[in-house]
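Note that the protein sequences, when read in sequence, are chains H and G.
The opening residue of the first sequence carries number 36 in the numbering used here; numbering runs sequentially from there.
The opening residue of the second sequence carries number 36 in the numbering used here; numbering runs sequentially from there.
Protein chains: 2
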Amino acid sequence: MVKEVEQQFLRYVKKMMSYNEAIQVMYWDMRTGAPKKGLEQRSEVIGVLSEEVFKMSTSEEMAAYIAKLSPASVQAQLSDVARHTLAECKKEYERNKKIPVDEYKEYVILQAKAESVWEEAKAKADFSLFRPYLEKLVAFNKKFIDYWGYEGNPYNTLLDVYEPGVTVEVLDNVFAKLRERIVPLVQAVVASRHQPDTSCLFHSFPKEKQREFSLRLLSELGYDFSAGRLDETVHPFAIGLNPGDVRITTRYDERDFRTALFGTIHECGHALYEQNIAEELTGTPLCTGTSMGIHESQSLFYENFIGRHYSYWKRNYPLLQQYAPEQFANVSLDDFYRAINEVKPSLIRIEADELTYPLHVMVRYEIEKGLFNGTIDVKDLPDIWNAKYEEYLGIRPEHDGVGVLQDVHWSGGSFGYFPSYALGYMYAAQLHEAMLKDIPNVAELLETGELLPIREWLTEKVHRFGKTKKPLDILQEATGEGLNVDYLIHYLEEKYKAIYRL
Amino acid sequence: MVKEVEQQFLRYVKKMMSYNEAIQVMYWDMRTGAPKKGLEQRSEVIGVLSEEVFKMSTSEEMAAYIAKLSPASVQAQLSDVARHTLAECKKEYERNKKIPVDEYKEYVILQAKAESVWEEAKAKADFSLFRPYLEKLVAFNKKFIDYWGYEGNPYNTLLDVYEPGVTVEVLDNVFAKLRERIVPLVQAVVASRHQPDTSCLFHSFPKEKQREFSLRLLSELGYDFSAGRLDETVHPFAIGLNPGDVRITTRYDERDFRTALFGTIHECGHALYEQNIAEELTGTPLCTGTSMGIHESQSLFYENFIGRHYSYWKRNYPLLQQYAPEQFANVSLDDFYRAINEVKPSLIRIEADELTYPLHVMVRYEIEKGLFNGTIDVKDLPDIWNAKYEEYLGIRPEHDGVGVLQDVHWSGGSFGYFPSYALGYMYAAQLHEAMLKDIPNVAELLETGELLPIREWLTEKVHRFGKTKKPLDILQEATGEGLNVDYLIHYLEEKYKAIYRL
């Protein structure tokens with residue numbers, strides 16, 4: 036009897052997931068060259084399917100499954116997959132059911148409107164245009180927090196959407212340490228007399244050659260091209276349609292090959308996660324990364340701990356020289372390595388180097404926390420933003436277009452998302468240390484190009500679980516301890532003191 | 036009240052059509068490079084959505100709409116779109132409802148199995164492998180004819196699926212004339228001492244250059260690239276996702292540019308049809324070609340009546356010479372024109388020239404008719420097939436792999452489909468004659484590249500109606516008469532007597 040309901044429940048969920056996969060295929064298609072005249076109708080199709088998924092996730096049928104399968108005595112008889120799936124569906128059901136339908140509809144309309152207003156405001160560098168929308172978005176989210184409830188701190192409820200288990204208490208602690216150690220390090224780096232010569236980076240490097248080089252690196256990193264493909268888009272991304280179909284995209288800048296190179300390696304890290312989720316999770320909501328932060332830990336692991344590692348370039352720099360002989364013929368490996376690891380405080384998060392990157396995130400974290408704790412008003416955001424950039428990065432935006440208006444997230448009501456970027460970085464550093472205990476010769480592997488053991492370790496510890504484990508549990512089991520920002524600080528200090536001879 | 040039900044009905048249908056569009060996007064994606072490891076799961080997703088569409092088309096809700104909206108007094112109050120949509124849904128509902136569910140499921144399984152057996156049988160040139168499956172497929176279709184009923188001739192019911200209104204009576208008449216006039220013409224052509232020199236066709240022509248040339252021709256033909264795109268596949272096709280997104284694919288043979296050239300122009304004809312359907316039909320089952328035959332009339336119109344026309348090459352041959360200077364430098368326009376219009380009886384339908392093509396279709400028509408009238412047994416097919424090829428085309432297959440096993444259609448249970456290919460050709464010739472009355476200077480337009488009036492005429496007479504008019508009504512209204520094969524015969528005789536100096 037339980038088994039029968041379990042099977043029905045899993046079939047029901049599989050149908051929802053099928054709709055989701057169809058939606059994802061259409062999203063990928065829209066971004067990779069779908070004809071523009073068909074987009075309006077395609078959006079309607081996506082709308083129809085999305086509405087259906089939403090209805091199914093909050094239907095009476097779903098409620099009945101949750102009611103039947105939730106009792107402890109019943110859960111004990113469920114398969115692991117069914118039990119975790121039930122937990123996910125229940126979470127989703129409760130989250131969606133607690134918001135009155137009319138309010139939610141109003142919010143969806145606001146989101147759409149706010150995003151287009153934000154675009155205009157950013158282009159005109161005029162915060163006053165966006166301000167009333169942002170105020171409403173914050174107000175809505177405050178109401179949602181009331182509906183959903185919170186523990187400790189209202190902002191925790193929003194954090195939980197992206198990084199279950201990570202709270203203000205945790206983040207305050209790690210960001211305080213980061214601030215204390217990284218801000219002075221950045222200052223020292225900037226003041227150093229040993230600045231890298233980056234002139235080798237900005238030659239003309241034909242797109243086709245960059246693509247060929249990227250394809251070679253991707254294969255060596257373990258990206259499975261029979262379960263993926265590489266395309267070109269304005270905004271690079273990775274998308275897991277199912278574990279056998281995980282696609283990545285990149286952007287080529289013919290005057291700066293780093294865009295495609297590090298972008299591709301970054302997305303490859305995301306893709307390896309999705310390609311290596313256990314097959315049995317296909318067709319359930321567990322068949323994806325467990326959180327934004329853990330996902331980002333994989334992309335940053337590949338981008339920084341592999342792609343910006345000296346040993347990796349000891350192997351691959353000669354190959355790069357073959358693809359762009361004129362550009363690199365007279366540049367030594369050491370000079371190249373220092374160039375691609377240049378630190379330069381800048382205003383734009385997505386263009387930041389790895390040392391200053393966490394500070395960009397910290398600014399956003401502190402602002403979001405203040406917004407939802409009532410200590411910061413939307414109207415004061417530009418001033419607060421600019422003051423924090425000056426304090427942490429030593430630079431001040433000339434206008435809000437390169438300041439508080441730079442990111443899309445808030446216009447879509449995504450509050451609580453930003454910390455994941457920094458958490459991913461901390462997770463990556465901590466995983467890297469743990470990996471070194473099991474595979475002490477990681478640097479050697481990078482140098483010989485035998486990268487399989489690295490990917491296998493990550494699959495064993497992270498990938499295969501999909502969403503069956505919470506982010507902090509994955510971290511604990513993989514590294515033997517909870518979140519510890521010291522690993523990231525240590526990594527950054529070691530690396531950048533050496534590069535800048537501090 | 037009627038208006039309210041009408042709106043609900045149209046919303047219901049729109050949902051089905053949204054699912055269909057999602058399925059079509061996934062089909063396109065599968066054929067243009069989806070990673071192979073994801074295909075099994077993707078097929079399941081398509082299965083889930085297809086089942087949903089099928090359920091909706093035969094649901095009690097659909098039955099209720101049909102019951103409420105069908106009375107003449109109610110229909111009189113419906114919009115044209117709603118009335119035609121109702122007719123389509125009713126036809127589909129009745130067709131699907133009349134087959135017992137279990138039998139239908141058995142048939143779907145048989146189809147899948149038969150197709151893979153057919154592939155093997157074709158590769159091994161062994162009809163005996165395929166024979167039992169073909170026998171079952173024919174038996175199932177005979178039962179379906181019983182369920183659905185028939186008028187005049189059992190085969191009419193199958194013809195009606197692909198070409199509503201076209202019967203055995205109509206086809207017997209046109210094929211008799213074709214046989215009488217084309218078979219001797221082919222014999223005379225083969226015996227002619229004035230054979231074209233085709234050696235200029237088979238040089239190495241790089242894919243990239245072929246693609247560039249194709250793109251130029253497509254733009255000039257009126258294909259709207261902001262509502263479409265050109266990709267590469269093993270089997271070329273056109274697919275209309277919605278009127279703003281109609282994609283075509285082609286295949287490049289670097290040793291024979293005709294494959295991509297005529298293939299692209301052919302698919303362009305299909306695509307122009309779908310790009311120019313009236314916008315108000317979007318989201319209904321009317322938003323597609325009215326029949327296989329009319330669809331094929333558009334592709335063949337472009338492929339043959341434009342793409343193989345002397346005047347078209349008077350304009351475009353100099354351009355082609357620029358794209359492949361070595362190949363064509365010493366070939367005159369006249370020689371080129373004769374080469375691309377070479378007639379050569381061959382065994383494979385899809386490789387046939389325009390003169391022998393209808394004879395390939397005639398063989399299949401005569402066999403299908405015999406199968407469903409009980410005058411031909413499946414076991415005798417190879418002998419009958421070979422005898423007919425010998426009689427009509429003067430050649431005999433060495434084995435069944437290039438004979439009765441060559442086409443995929445029967446393995447999928449598609450009986451009644453083949454005649455559409457010949458009908459499309461007849462329609463195209465008849466439309467061409469009618470067009471000449473309205474636009475006497477068509478040849479001049481081809482020569483100057485001003486092709487817009489041609490596309491506009493076809494849109495006015497054919498494209499815009501989508502499925503709101505039946506094929507023979509479109510023909511009647513566009514040309515002032517019913518199906519008349521004389522136009523095709525006249526066209527072929529004139530053209531090939533000139534080329535072969537008969």
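Ideal Cβ placement from N, Cα and C applies to all residues, glycine included.
Counterpart residues of I274(G) in DSSP-defined beta bridges: Walking along the second sequence from the start, residue 274(G) turns up at place 239. Per DSSP, R282(G).
Could you tell me which chain H residues have their CB closer than 7 Å to the CB of P241(G), listed as they occur along the chain? For the purposes of this step, residue 241(G) is taken as residue 206 along the second sequence, with counting starting at 1. The contacting residues do not exist; P241(G) stays about 15 Å from chain H at best.
Contacting residues, own chain, Cβ-Cβ under 7 Å from V60(G) (five flanking each side not counted): Residue 60(G) sits at position 25 when you count from the first residue of the second sequence. L276, listed in sequence order.
For R77(H), would you say it is in contact with chain G, using Cβ-to-Cβ distances shorter than 8 Å as the test? Along the first sequence, one-based indexing puts residue 77(H) at 42. At least one chain G Cβ lies under 8 Å of R77(H).
Expressed to the nearest angstrom, what Euclidean distance is found between the alpha-carbon atoms of R399(H) and P167(H)? As a first step, residue 399(H) is located in the first sequence; it is residue number 364 there, counting from the start. As a first step, residue 167(H) is located in the first sequence; it is residue number 132 there, counting from the start. When rounded, the distance between both Cα atoms is 19 Å.
What residues are listed by DSSP as bridge partners for L265(H)? Mapped onto the first sequence, residue 265(H) falls at position 230. I283(H).
Alpha-carbon to alpha-carbon, A149(G) and A513(H): Position 478 of the first sequence holds residue 513(H). Position 114 of the second sequence holds residue 149(G). Using only the alpha carbons, I get a separation of about 50 Å.
I'd like to know if R264(G) contacts chain H, where contact means its C-beta is closer than 8 Å to some C-beta of that chain. The residue you call residue 264(G) lines up with position 229 of the second sequence. Chain H contact via Cβ: present.
Close beta carbons around G396(H), own chain, < 6 Å, minus the five adjacent residues each side: Counted from its first residue, the first sequence places residue 396(H) at position 361. For clarity, residue 396(H) is Val in the given sequence; the question names Gly instead. Excluding residues within five positions, the ones whose Cβ falls inside 6 Å are F453, Y456 and A457.
Got a sec: is the Cβ-Cβ distance from K72(G) to anything in chain H below 8 Å? To locate residue 72(G), count along the second sequence from 1; it is residue 37. With 8 Å as the cut-off, K72(G) counts as an interface residue toward chain H.
Please report whether the beta-carbon of K50(G) lies at a distance below 8 Å from any beta-carbon of chain H. Numbered from 1 along the second sequence, position 15 holds the residue referred to as residue 50(G). At least one chain H Cβ lies under 8 Å of K50(G).
Interface flag, V83(G) vs chain H, CB-CB below 8 Å: On the second sequence, residue 83(G) is found 48 positions in, with the first residue counted as 1. Yes, V83(G) counts as interfacial toward chain H.
Buried versus exposed call for A158(H) [16 or more other C-beta atoms within 10 Å across all chains shown]: Counting from one through the first sequence, the residue named residue 158(H) turns up at place 123. Counting Cβ neighbours within 10 Å, A158(H) comes out exposed, since fewer than 16 surround it.
Backbone CA spacing between I134(G) and T503(G) [nearest angstrom]: Taking the first residue of the second sequence as 1, we reach residue 134(G) at position 99. Taking the first residue of the second sequence as 1, we reach residue 503(G) at position 468. The alpha-carbon atoms of I134(G) and T503(G) are separated by roughly 26 Å.
What's the gap between the Cα of F260(G) and the Cα of S254(G)? Within the second sequence, numbered from 1, the residue matching residue 260(G) stands at position 225. Within the second sequence, numbered from 1, the residue matching residue 254(G) stands at position 219. C-alpha separation (whole angstroms): 8 Å.
In whole angstroms, give me the CA-to-CA distance for Y526(G) and G82(G). Taking the second sequence and counting its residues from 1, one reaches residue 526(G) at position 491. Taking the second sequence and counting its residues from 1, one reaches residue 82(G) at position 47. One C-alpha to the other measures close to 45 Å.
According to DSSP, is Y522(H) helix, strand or coil? Sequence index remark: in the first sequence, residue 522(H) carries index 487 (1-based). Note: Y522(H) maps to helix in three-state DSSP.
Given W153(H) as reference, the closest of E361(H), Q441(H), P278(H) and L487(H) once Cα atoms are compared: Taking the first sequence and counting its residues from 1, one reaches residue 153(H) at position 118. Nearest of E361(H), Q441(H), P278(H) and L487(H) to W153(H), Cα basis: Q441(H).
Grab the span of the alpha helix (DSSP H) containing E186(G) for me, first residue to last. Against the second sequence, residue 186(G) aligns to sequence position 151. No alpha helix (DSSP H) holds E186(G); DSSP gives it neither H nor E.
Any C-beta of chain G under 8 Å from that of E123(H): Along the first sequence, one-based indexing puts residue 123(H) at 88. No, E123(H) lies away from the interface with chain G (no Cβ there is under 8 Å from its Cβ).
Classification of N208(H) by the beta-carbon crowding that lies within 10 angstroms, buried from 16 upward: The sequence position of residue 208(H) within the first sequence is 173, counting from 1. N208(H) should be labelled exposed.
Give me the Cβ distance between K171(H) and L145(H), rounded to the nearest whole Å; I'm assuming they're in contact under 8 Å. Counting from one through the first sequence, the residue named residue 171(H) turns up at place 136. Counting from one through the first sequence, the residue named residue 145(H) turns up at place 110. About 6 Å separates the two Cβ atoms, so the contact holds.
Looking at the secondary structure, which residues open and close the alpha helix (DSSP H) in which R66(G) lies? The residue given as residue 66(G) occupies position 31 in the second sequence. Its alpha helix (DSSP H) spans residues V37 to R66.
To the nearest angstrom, how far is the alpha carbon of L394(H) from that of G459(H)? As a working note, residue 394(H) is residue 359 in the first sequence. As a working note, residue 459(H) is residue 424 in the first sequence. Those two C-alpha atoms are separated by around 14 Å.
T299(G) by DSSP, collapsed to three states: which one? Counted from its first residue, the second sequence places residue 299(G) at position 264. In this structure, T299(G) counts as helix in the three-state DSSP scheme.
For the alpha helix (DSSP H) that L458(G) lies in, which residues bound it at each end? Residue numbering aside, residue 458(G) sits at position 423 when the second sequence is read from its first letter. From DSSP, the alpha helix (DSSP H) with L458(G) extends over P454 to D473.
Which residues mark the beginning and the end of the alpha helix (DSSP H) in which F371(H) is found? For the purposes of this step, residue 371(H) is taken as the residue at position 336 of the first sequence. From DSSP, the alpha helix (DSSP H) with F371(H) extends over L368 to I375.
Could you name the residues of chain G that A57(H) contacts, counting a contact when the two beta carbons are closer than 7 Å? Walking along the first sequence from the start, residue 57(H) turns up at place 22. Chain G residues near A57(H): A57, M61, V80 and L84.
Assigned secondary structure, P539(H) (DSSP; H/G/I helix, E/B strand, else coil): Past the boundaries of the shown model lies residue 539(H); chain H is included only from 36 to 537, so the question cannot be answered.
Chain-ordered chain A contacts of D64(G) [CB-CB under 7 Å]: In summary, chain A is missing from the structure at hand, where the protein chains are H and G.
Determine contact between the region 286 to 296 of chain H and the region 87 to 97 of chain G, defined as no fewer than three beta-carbon pairs at a distance below 8 Å. no
Which word fits V383(H), buried or exposed, when buried means at least 16 other C-beta atoms lie within 10 angstroms of its C-beta? The count along the first sequence starts at 1 and reaches residue 383(H) at position 348. Inspection of the sequence shows that residue 383(H) is occupied by Ile rather than by Val. So I383(H) counts as exposed.
Which of helix, strand or coil does DSSP assign to Q362(G)? The sequence position of residue 362(G) within the second sequence is 327, counting from 1. Helix, per DSSP.
Any idea if E41(H) is buried or exposed, counting beta-carbon neighbours within 10 angstroms, 16 or more meaning buried? Numbered from 1 along the first sequence, position 6 holds the residue referred to as residue 41(H). Classification of E41(H): buried, given that the 10 Å Cβ count is 16 or more.
Look at S92(H) and M51(H) and say whether their C-beta atoms are less than 8 Å apart. The residue given as residue 92(H) occupies position 57 in the first sequence. The residue given as residue 51(H) occupies position 16 in the first sequence. Contact flag set, yes.
If the criterion is Cβ atoms closer than 8 Å, does the pair V196(G) and L507(G) meet it? Position 161 of the second sequence, counting from 1, holds the residue named residue 196(G). Position 472 of the second sequence, counting from 1, holds the residue named residue 507(G). Not a contact, by the Cβ cut-off of 8 Å.
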